[in-house]
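Protein chains in written order, with the working numbering: chain A, 8 to 238; chain U, 12 to 132; chain P, 5 to 279. Backbone N, C-alpha and C define an ideal beta-carbon position, used for all residues, glycine too.
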Amino acid sequence: MDADTSIGGHNAQFPSTQVSLLDAAASGLSGEALERVIALYWKPVYRFVRLKFRKDNEDAKDLTQGFFTSALQRDFFARFDPAKASFRTYLRMAVERFAANQHESLNRQKRGGDVRFEPIDNQAVAGESAEEIFEREWRRQLFSLAIEDLRAHCEQSGKQVHFSVFEAYDLTDADHPSYAELAARCGLPETTVTNHLAWARRMLRGFVTERLRGTTSGPRELHEEARRIWN
Amino acid sequence: MNKIWIGLLAGLILGAVDGATAWFYPETKNLLAGIMVGSSIKGMVVGILSGWFARKVQSTGWGIAVGAAVGLLFAFLVAATDTVNGRHPYLEIMFPGFVVGAIIGFLTQKMGATPMKRQEL
Amino acid sequence: MELSDSVLAHLRHVAALPDLSGTRYELESEIGRGGLGVVYQALDRELDRRVALKVMDAALAGEARLIARLEHPAVVPVYDTGSLPDGRTFYAMKLVGGARLDRYIAGNPSLAERLRAMRRIGEALAFAHTRGVIHRDLKPQNVMVGEFGEVYVMDWGVEAVAGTPAFRAPDAHLDQRSDIYALGALFQFVLPAAAPPALRAIVAKAMNHDPAERYPDVPAFLADLERFQEGSAVEAWREPWWHRLRRFGERNAVLLWLLTAYVVVKFLLFFLRKV
């Protein structure tokens, strides 16, 4: 096991539970591993499909569900080559192919099909490309899952205060309160507030890494994706 | 080779060459040998003095200046003791002597070994 | 829960910050991002001085340890190292002031100053090579020029990460010769638009596609630079004869002027005499 697989190093609080995708696929993808992939990718694919192919809510849902059902039945993981692209890119391209195929068969059904298939690349979102949109949504979901992991962990270990401090400061859309204000609000000394925040952020980083580990092919891709997130 | 020897050699050679240019002047042509010897000696004296100066002071500018001055002085002395066609050849000897002295001064600055400075204790 | 774009960006920023609570350092600001990791400015509480803190994944720390052993005026000294609670490694090093090389060149220094900077860079590289360290990512962004003209070469040993391909050798293997290629590319960057052909020839030789045709080592490169500055012939360039003559004239200008003066004086005396 290289130094990477224990992200906490000597920090006993963070045992790594996840195996990389390649390791999982080698032993036949377990239900749990599959679940984690879907947990991370469902929302990004849905949003991607909505934006790029201009589907409405129902159609997008159907397409997303269809993709995951069909693709994951057919050797999807076995055919993934980490040397060529990241798993995220590989999956996105598979979605695009799937959507194109769906549209083809749809067109064949509707005779005289005047339904145009126009994947619009430059979206309304400040001219972002499809890849950028997908990555952004993927990142969003990654952090959302990690935050839920953190919440669950705090609940289990009786650290609810930690989480509420974190929530009040780091998850707020409004202007950040000062540490002093936050301390007063929570009835805690300011140093405790800074400590809780530092702890929560550290844990969040760990949870993000764990979620990432279960959806990348191995240490190299993990490093590369982590670099893209944190830089 | 130390700078004094450089000066001596340079002065000898350049002095001889300078003296040899008297060949172009018909009135001195027949005295060529004597002129060359005298010019060589003059050159060597200038060279020794320039070399000595160069050992004490390392400065190209000053070396040229001192060489030129010494060259001018000795050229004057030679011209004063010389008569050609009833007049002293001041211009013909001093002017070139000045420039040759400058050249000798330059060469003693640029070439030859400087004495090692004694370590200050 | 739905994360807004701003919250997401904020989280990415704060979760990347190093937790220095167990150390003697106090985080102040982010300085930049190198090949290995992020560099922060921090305050060393015990010595009461500002340092640069480089934070990287533990797996990459091995290379950094090798470089920490380099002691040279142009290599940033490493003061301290340690582990962070999240498993990352940090290195505390000297906080270098001054300007990055690209900004320094934009200030239009003289050719002599540019050559002096190149020599310092080359000396650092030569030193590292004798210690078996290859830079692998030499480029203007990795060189700092201090206010007193001191030069620092940074970010050693990191393979160029999709960075600036212009400075990366076409070689398959990155070794000392590819460092020399990068040195040539750097030199090309440093030189002004109207550079003497001898210097351009040095660049061309260092950047030769065939590694065997480049300078065999950095000292050879520096020697050619030195020859140019002395007015001697540069190994990289075969100059036309009139150029060689002009160089000879420049080197021996004083003597040539004195000899000319002698000849002129003699001529004047000769012809004026006739009058």
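If residue i sits next to residue j, beta carbons under 8 Å apart, how far is it from one beta carbon to the other, in whole angstroms?
i                      : j                      : result
residue 90 of chain P  : residue 221 of chain A : About 19 Å; that fails the 8 Å criterion.
residue 74 of chain P  : residue 135 of chain P : 6 Å
residue 26 of chain U  : residue 51 of chain U  : 4 Å
residue 197 of chain A : residue 190 of chain A : 4 Å
residue 78 of chain P  : residue 127 of chain P : 7 Å
residue 223 of chain P : residue 132 of chain P : Actually they are not in contact, since the Cβ atoms of residue 223 of chain P and residue 132 of chain P sit about 13 Å apart, beyond 8 Å.
residue 62 of chain U  : residue 19 of chain U  : 7 Å
residue 123 of chain U : residue 55 of chain U  : The Cβ separation is near 15 Å, so there is no contact.
residue 56 of chain A  : residue 67 of chain A  : 5 Å
residue 89 of chain U  : residue 53 of chain U  : 6 Å
residue 233 of chain P : residue 119 of chain P : 6 Å
residue 115 of chain U : residue 33 of chain U  : Incorrect: roughly 19 Å between the Cβ atoms, too far for contact.
residue 254 of chain P : residue 235 of chain P : 6 Å
residue 89 of chain A  : residue 225 of chain A : 7 Å
Counting only Cβ pairs nearer than 7 Å, list the residues of chain P close to residue i.
i                      : result
residue 119 of chain U : Simply none; closest approach about 12 Å.
residue 239 of chain A : Residue 239 of chain A lies beyond the stretch modelled for chain A, which goes from 8 to 238, so this question has no answer here.
residue 238 of chain A : 37
residue 147 of chain A : 7, 12
If the cut is a Cβ gap below 9 Å, which residues of chain P does residue i touch?
i                     : result
residue 39 of chain U : By Cβ distance, chain P contributes nothing, its closest Cβ being about 12 Å from residue 39 of chain U, past 9 Å.
Listing by chain order, which chain A residues have their CB less than 7 Å from the CB of residue i?
i                     : result
residue 11 of chain P : 178, 180
residue 18 of chain P : 177, 208
Could you give the DSSP three-state label for residue i: helix, strand or coil?
i                      : result
residue 33 of chain P  : strand
residue 240 of chain P : coil
residue 85 of chain P  : strand
residue 179 of chain P : coil
residue 43 of chain P  : strand
residue 62 of chain A  : coil
residue 124 of chain U : strand
residue 159 of chain P : coil
residue 270 of chain P : helix
residue 98 of chain P  : strand
residue 209 of chain P : helix
residue 57 of chain P  : strand
residue 103 of chain P : strand
residue 248 of chain P : helix
residue 93 of chain P  : strand
residue 288 of chain P : Lying outside 5 to 279, the shown extent of chain P, residue 288 of chain P is not represented and no answer is given.
residue 13 of chain U  : strand
residue 48 of chain P  : strand
residue 222 of chain P : helix
residue 79 of chain P  : strand
residue 95 of chain U  : strand
residue 38 of chain U  : coil
residue 222 of chain A : coil
List, in chain order, every chain U residue whose beta-carbon is nearer than 7 Å to that of residue i.
i                      : result
residue 209 of chain P : None at all; the shortest Cβ gap to chain U is about 32 Å.
residue 274 of chain P : 35
residue 270 of chain P : 32, 107
Just the chain P side, please: which residues come within less than 8 Å of residue i by C-beta, in chain order?
i                      : result
residue 205 of chain A : 23, 25
What in chain A is Cβ-close to residue i, meaning under 8 Å?
i                     : result
residue 59 of chain P : Chain A residues near residue 59 of chain P: none, gap ~10 Å exceeds 8 Å.
>> Taking 8 Å as the cut-off, does the region 134–153 of chain P touch the region 166–183 of chain P (at least 3 CB pairs, one atom from each stretch)?
In response: As far as the Cβ criterion goes, the region 166–183 of chain P touches the region 134–153 of chain P, which means the pair count is three or higher.
> Quick one, which residues of the region 95–116 of chain U are near chain P if we go by CB-CB under 7 Å, in chain order?
Replying inline: Of all residues in the region 95–116 of chain U, only 102, 103, 106, 107, 110, 111, 113, 114 place a beta-carbon less than 7 Å from a beta-carbon of chain P.
> Are three or more beta carbon pairs between the region 103–116 of chain U and the region 179–187 of chain A nearer than 8 Å?
Replying inline: The region 103–116 of chain U makes no contact with the region 179–187 of chain A: fewer than 3 CB pairs, one atom from each, lie closer than 8 Å.
> Taking a cut of 7 Å between CB atoms, which residues from the region 17–34 of chain U lie near chain P?
Replying inline: Correct list: 32.
> Closer than 8 Å, Cβ to any Cβ of chain U: which residues of the region 255–267 of chain P, in chain order?
Replying inline: Those residues of the region 255–267 of chain P that come within reach of chain U (Cβ to Cβ, closer than 8 Å) are 258, 259, 262, 263, 265, 266.
> Looking at chain P, which residues of the region 207–221 of chain A have a Cβ within less than 8 Å of any of its Cβ atoms?
Replying inline: Residues 208, 209, 211, 212, 213, 215.
>> Quick check: the region 145–157 of chain P against the region 198–213 of chain P, are at least 3 beta-carbon pairs closer than 8 Å?
In response: Cβ pair count under 8 Å is below three, so no.
>> Count Cβ pairs between the region 73–82 of chain U and the region 38–52 of chain U that sit closer than 8 Å; are there 3 or more?
In response: The answer is no - the region 38–52 of chain U does not touch the region 73–82 of chain U, with fewer than three Cβ pairs under 8 Å.
>> Check whether the region 66–74 of chain U and the region 85–98 of chain U are in contact - that is, three or more C-beta pairs closer than 8 Å.
In response: Contact between the region 66–74 of chain U and the region 85–98 of chain U is absent, because fewer than three Cβ pairs lie under 8 Å.
> Any residues in the region 69–90 of chain P with a beta carbon nearer than 9 Å to a beta carbon of chain A? Which ones, in chain order?
Replying inline: Those would be 87, 88, 89, 90, in chain order.
>> Quick test of the definition: if touching needs 3 or more C-beta pairs under 8 Å, does the region 135–143 of chain A touch the region 89–109 of chain A?
In response: Contact between the region 135–143 of chain A and the region 89–109 of chain A is present: 3 or more CB-CB pairs across the two stretches fall below 8 Å.
> Quick one: any contact between the region 94–113 of chain P and the region 228–237 of chain A, if contact means 3 or more CB pairs under 8 Å?
Replying inline: Counting C-beta pairs with one atom in each stretch, the region 94–113 of chain P and the region 228–237 of chain A have fewer than three that are closer than 8 Å, which means they do not touch.
> If we count Cβ pairs, one from each stretch, closer than 8 Å, do we get three or more for the region 47–67 of chain P versus the region 9–16 of chain P?
Replying inline: The region 47–67 of chain P is not in contact with the region 9–16 of chain P.
> With a cut-off of 8 Å, do at least 3 Cβ pairs link the region 151–171 of chain A to the region 60–78 of chain A?
Replying inline: Short answer: they don't touch.
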